[in-house]
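Here this note's numbering is used: position 131 in the sequence shown is 139, and no number is missing along the way. Okay, so here's the structure we're looking at.
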Amino acid sequence: MIAFWRSSVGKKNIVAVTGAILIGYLILHMLGNLNSAFGPGADEARVDWYAHWLRDFGEPLLPHAFVLWAVRVILLSALVIHITGIVQLTKRNRAARPANFPAKRIGRSFESMAMLGTGVLVLAFIIFHILQFTTLSIHVTPVEEGAVYSNLYYAFQKWYFLVIYVAALLLIGMHLRHGVWSLFQTLGFDNPNRNPKLRHGSTVFVLVLIVGFGAIPVLFFTDVLDPPNAAAVITSSIGAVGSLTGGVA
Ligand code: HEM
């Protein structure tokens, strides 16, 4: 395994497989988020029920939130290996290029040249996003543990959060359009007859992701989705006051 990782071909394959794991998570996350489109519900918002279900999954056989934590460990490991592999491959390519030899640009798409740049920005977005909705460390809008619908509703009343998320989705789209295509190449699915289909396939996939993810902030911002029901509003505003006063409330 170590020899495989050390070889450039092995590293490329591992970057492709870890990329596929992250993409798999994105598809599930997008589907999970779409639960928000069912609104605040009479009793509990469907997306809140879904978030609780994720935490309870496997109980009583497994400890509380075990599956959630297992997924987190897999995702974080995949992300770290993916980035380490890319950084090492880039260094290796640069070292192999003779001095004063310009990077080959002919036939390369803008997205393929921008992979490092979009990758860094996507990473920055993921850190910001986890701070906002998972650790609830950003208190610009009311946030409360377990109240996913309400947290999303208040965040996406603000135009600047809408802009940040739509911009991040476009960057992720650029990164993935090329990423999915190179994943197919690395894993050996490409051939001249199939390549145009693979290219179109990656574009369609990325568009589905952008629309699927982007729909939720847009539906909240345009007030198509109703505010959280009264109980959630009261508790989340208490939570916001608590965070402003250092968490006393
Ligand atoms: C409009 C787009 C998105 C919305 C509304 C959204 C919403 C959320 C929410 C509400 C949570 C917390 C869930 C909970 O506490 O159960 C979350 C967690 C997370 N999101 Fe997103 N998300 C979006 C896009 C993305 C994208 C594009 C990525 C990756 C590139 C991503 C990666 C994550 C990760 C890694 C977590 C942490 C999961 C965990 O360990 O609990 N999200 N997201």
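Using N, Cα and C, we set each Cβ at its ideal position, and we do this for glycine too. Owing to the predicted nature of the structure, the values given are computational and were not obtained by experimental measurement.
{"Query": "What separation, rounded to the nearest whole angstrom, lies between the Cα atoms of S158 and S16?", "Result": "47 Å"}
{"Query": "Any beta carbon of chain B sitting closer than 8 Å to that of M123?", "Result": "Considering every chain present, this structure includes no chain B. It has just one protein chain."}
{"Query": "Looking at the ligand HEM, does it come within less than 7 Å of Y162, judged from the CB to the closest heavy atom?", "Result": "no"}
{"Query": "CA-CA distance, I180 and P71?", "Result": "34 Å"}
{"Query": "Please go through the same chain and pick out, in chain order, the residues whose beta-carbon is closer than 8 Å to the beta-carbon of T211, but skip the five residues on each side of it.", "Result": "R185"}
{"Query": "What is the C-beta distance between L76 and G220, in whole angstroms, given that I count them as a contact (C-beta under 8 Å)?", "Result": "Rounded, the Cβ-Cβ distance is 22 Å, inconsistent with contact."}
{"Query": "Considering Cα atoms alone, identify which of E52, R54, K19, A73 is closest to L62.", "Result": "A73"}
{"Query": "So A175 packs on F169, CB below 8 Å; how close in whole Å?", "Result": "The pair is not a contact, with the Cβ atoms about 11 Å apart (cut-off 8 Å)."}
{"Query": "Relative to the ligand HEM, is the shortest distance from any of its heavy atoms to the C-beta of N159 smaller than 7 Å?", "Result": "yes"}
{"Query": "For A24 versus L191, is the C-beta distance shorter than 8 Å?", "Result": "yes"}
{"Query": "What three-state label does DSSP hand N203 in the structure shown?", "Result": "helix"}
{"Query": "According to DSSP, simplified to helix, strand and coil, what is F136?", "Result": "helix"}
{"Query": "Please tell me whether, using a cut-off of 7 Å, the distance from the CB of I89 to the nearest non-hydrogen atom of the ligand HEM is below it.", "Result": "no"}
{"Query": "Taking 7 Å as the cut-off, does the CB of H186 come closer than this to any heavy atom belonging to the ligand HEM?", "Result": "no"}
{"Query": "The ligand HEM heavy atoms versus the CB of V130: any closer than 7 Å?", "Result": "yes"}
{"Query": "Given 8 Å as the limit, is there contact between the stretch 120-134 and the stretch 51-60, that is, 3 or more CB pairs closer than that?", "Result": "no"}
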